[in-house]
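Peer 1: Position one of the sequence shown corresponds to residue 38 (our numbering), numbered consecutively onward. All residues carry an ideal CB built from backbone N, CA and C; glycine is no exception. I am attaching a structure below and will ask some questions about it afterwards.
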Amino acid sequence: MVKISVICENTVLTSLRAIGEHGLSLLIESEDTTLFDTGQGFCLLHNMQAFGKDPAAIQRVVISHGHYDHTGGLYDLIGKAGKKMPVYIHPDAFHEKLAVIPGPRGAIEVPIGMQRSRQEYLAAGADFVPAEKVTAVTKGVTAFSSIPRPGNWKGWDDRLKVRSNGVIADDPFNDDLTLLLETASGPVVLLGCAHAGMVDILDYISAETGLKEFHAVIGGTHLGSAPENYRLLAGDTLERYGVKVIATSHCTGLPAACELSQRFGDRFAYACVGSVFEF
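This is how it looks when you write it as structure tokens:
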């Protein structure tokens with residue numbers, strides 16, 4: 038059995054002294070234990086304690102991309118685990134990421150990348166493992182990143198940028214990483230934020246693995262900032278792959294989540310803090 042617990046998310050399902058934040062972290066428990074993302078850093082250790090989860094039991098961390106709301110808890114987690122921690126991550130996650138927000142007195146640059154340097158994480162005990170394209174993480178867990186997209190691809194949220202050699206440009210999100218889990222119920226896809234586009238991500242996994250169906254898709258979809266035609270295409274894609282469990286969260290946005298709920302009915306769930314999925 039594979040058990041997926043939502044440790045960090047914007048909203049809270051239960052009253053078990055758990056808290057929410059703008060972020061995401063999913064705990065994967067099967068023959069061993071993998072943590073997918075670490076939220077902003079306010080919720081992770083607090084909620085793990087509330088749910089009776091031991092940080093020392095985590096055998097590896099996988100990071101979906103280099104934004105603060107997915108990496109903020111990494112440093113403290115490693116310290117609490119008290120051991121060398123393998124961290125699967127795309128090299129581009131360490132790039133200087135920022136949001137450029139228009140204002141009445143000019144644009145404001147807000148840092149939204151990883152909150153500590155690579156050297157600080159290494160000193161704390163991180164053992165970074167490059168995860169590019171297709172990477173075997175552990176038995177039954179595979180990471181997919183560097184998602185192929187059309188040459189004219191551009192993200193929907195034009196505030197999200199990256200600075201390289203002093204030049205600010207649109208973030209290509211090559212570091213956007215998705216997990217595929219092998220379960221008794223069938224293939225399960227875990228999305229961090231799906232900045233590369235959920236449709237392209239699922240098509241890439243299908244092309245690389247030969248899979249024509251996915252049992253479940255869980256996590257952030259970034260459909261909240263997507264245009265209506267893409268939201269419809271995303272729904273069509275979930276139908277095309279015969280997805281039976283659609284559990285969105287975080288950056289999906291309330292309107293997009295409501296659309297999915299209306300379209301898929303009992304197949305839809307909102308994956309908030311305290312949600313548990315077993316396959």
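Which value, in whole angstroms, describes the spacing of the CA atoms of E315 and G140?
Peer 2: The sequence position of residue 315 within the sequence shown is 278, counting from 1. The sequence position of residue 140 within the sequence shown is 103, counting from 1. If I take the Cα positions, the gap works out to 45 Å.
Peer 1: Is the beta carbon of K40 sitting closer than 8 Å to the one on V313?
Peer 2: As a first step, residue 40 is located in the sequence shown; it is residue number 3 there, counting from the start. As a first step, residue 313 is located in the sequence shown; it is residue number 276 there, counting from the start. Yes; because the gap between Cβ atoms is below 8 Å, this pair is in contact.
Peer 1: Per DSSP, what kind of secondary structure is E157 in: helix, strand or coil?
Peer 2: Within the sequence shown, the letter at position 120 stands for residue 157. Helix.
Peer 1: Give me the residue from D129, K198 and T172 with the minimum Cα distance to I145.
Peer 2: By one-based count along the sequence shown, residue 145 stands at place 108. Here the closest residue by C-alpha is K198.
Peer 1: Helix, strand or coil, according to DSSP, for G150 in the structure here?
Peer 2: Residue 150 sits at position 113 when you count from the first residue of the sequence shown. Reduced to three states, the DSSP call for G150 is coil.
Peer 1: Strictly by DSSP, which residues pair up with S201?
Peer 2: Residue mapping note: residue 201 aligns to position 164 of the sequence shown, counting from 1. The partner list for S201 (beta bridge, DSSP) reads V204.
Peer 1: For the pair the region 143 to 160 and the region 214 to 233, tell me if three or more CB-CB distances fall below 8 Å.
Peer 2: The region 143 to 160, when compared against the region 214 to 233, does not touch it at the 8 Å Cβ threshold.
Peer 1: Return the CA-CA distance between T70 and I100, expressed in angstroms with no decimal places.
Peer 2: Sequence index remark: in the sequence shown, residue 70 carries index 33 (1-based). Sequence index remark: in the sequence shown, residue 100 carries index 63 (1-based). Roughly 14 Å between the two C-alpha positions.
Peer 1: Could you check what DSSP says for M38 in three-state terms: helix, strand or coil?
Peer 2: What you label residue 38 is simply residue 1 of the sequence shown in a count that begins at 1. Of the three classes helix, strand and coil, the one that applies to M38 here is coil, per DSSP.
Peer 1: Which residue's Cα is closest to the Cα of A284: L297, S222 and T274?
Peer 2: Counting from 1 along the sequence shown, the entry for residue 284 is found at position 247. Comparing Cα positions, the closest option is L297.
Peer 1: Could you pull out every residue in the same chain whose Cβ sits closer than 8 Å to the Cβ of A244, ignoring the five residues on either side in sequence?
Peer 2: Reading the sequence shown from its first residue, position 207 is the one you call residue 244. Closer than 8 Å at the Cβ level, and outside the excluded window around A244, lies no residue.
Peer 1: Using the C-alpha atoms, what's the distance from G192 back to D208?
Peer 2: Looking up residue 208 in the sequence shown gives position 171. Looking up residue 192 in the sequence shown gives position 155. Going from the Cα of D208 to the Cα of G192 covers about 8 Å.
Peer 1: Would DSSP call K176 helix, strand or coil?
Peer 2: Taking the first residue of the sequence shown as 1, we reach residue 176 at position 139. Residue state, collapsed to three classes: coil.
Peer 1: Does DSSP put A80 in a helix, in a strand, or in coil?
Peer 2: Position 43 of the sequence shown, counting from 1, holds the residue named residue 80. The identity of residue 80 in the sequence shown is Cys, whereas the question assumes Ala. Correct three-state label for C80: coil.
Peer 1: Put G302 into one of helix, strand or coil per three-state DSSP.
Peer 2: Residue 302 sits at position 265 when you count from the first residue of the sequence shown. In this structure, G302 counts as helix in the three-state DSSP scheme.
Peer 1: In terms of residues, what are the limits of the beta strand (DSSP E) holding S312?
Peer 2: As a working mapping, residue 312 is identified with position 275 in the sequence shown. No beta strand (DSSP E) contains S312, which DSSP labels as neither H nor E.
Peer 1: Which two residues bound the contiguous beta strand (DSSP E) that contains I126?
Peer 2: Within the sequence shown, the letter at position 89 stands for residue 126. Taken as a continuous stretch (DSSP letters only), the beta strand (DSSP E) holding I126 covers M122 to I126.
Peer 1: Extract the residue ranges of the beta strand (DSSP E) inside the region 243 to 307, only unbroken runs of 3 or more that lie entirely within it.
Peer 2: The qualifying runs are 253 to 257, 282 to 286 and 305 to 307.
Peer 1: Count the other C-beta atoms from every protein chain shown that fall within 10 angstroms of the C-beta of T75, then say buried if there are 16 or more, exposed otherwise.
Peer 2: Within the sequence shown, residue 75 is the residue found at index 38, counting from 1. Under this definition T75 is a buried residue.
Peer 1: Just how far apart, CA to CA, sit K249 and S262?
Peer 2: On the sequence shown, residue 249 is found 212 positions in, with the first residue counted as 1. On the sequence shown, residue 262 is found 225 positions in, with the first residue counted as 1. C-alpha separation (whole angstroms): 27 Å.
Peer 1: Counting Cβ pairs closer than 8 Å, one from the region 86 to 104 and one from the region 51 to 59, do we hit at least three?
Peer 2: They touch, by the three-pair rule.
Peer 1: Identify, in the order they occur along the chain, each residue of the same chain with its Cβ nearer than 6 Å to the Cβ of A323, setting aside the five sequence neighbours on each side.
Peer 2: Here the chain covers residues 38 to 316 and nothing more, so residue 323 does not appear.
Peer 1: Does the beta carbon of A55 sit closer than 8 Å to a beta carbon anywhere in chain C?
Peer 2: The chain labelled as chain C is not found in the depicted structure, where only one protein chain is given.
Peer 1: Since D164 is in the beta strand (DSSP E), which residue starts that stretch and which ends it?
Peer 2: Your numbering for residue 164 matches position 127 in the sequence shown. Segment A163 to P167, the beta strand (DSSP E) holding D164.
Peer 1: How close, in whole Å, do the beta carbons of G257 and T289 come, if the pair is a contact with beta carbons under 8 Å?
Peer 2: On the sequence shown, position 220 is the one that residue 257 refers to. On the sequence shown, position 252 is the one that residue 289 refers to. That belief holds up - the Cβ atoms of G257 and T289 are roughly 6 Å apart, short of 8 Å.
Peer 1: Report back the beta-carbon spacing between Y125 and I184 to the nearest angstrom; my notes put them in contact at under 8 Å.
Peer 2: Position 88 of the sequence shown, counted from the start, is the residue given in the question as residue 125. Position 147 of the sequence shown, counted from the start, is the residue given in the question as residue 184. Between I184 and Y125 the Cβ distance is about 16 Å, and since that is not below 8 Å, they are no contact.
Peer 1: For S204, count neighbouring Cβ atoms within 10 angstroms of its own Cβ and tell me buried if that reaches 16, exposed if not.
Peer 2: Position 167 of the sequence shown, counted from the start, is the residue given in the question as residue 204. According to the sequence displayed, residue 204 carries Val and not Ser. The residue is exposed, with fewer than 16 neighbouring Cβ atoms inside 10 Å.
Peer 1: Any idea if Q299 is buried or exposed, counting beta-carbon neighbours within 10 angstroms, 16 or more meaning buried?
Peer 2: What you label residue 299 is simply residue 262 of the sequence shown in a count that begins at 1. Its Cβ having fewer than 16 others within 10 Å, Q299 is exposed.
Peer 1: Go to K134, then tell me how far its beta strand (DSSP E) extends in each direction, as first and last residue.
Peer 2: The sequence position of residue 134 within the sequence shown is 97, counting from 1. From DSSP, the beta strand (DSSP E) with K134 extends over E133 to I138.
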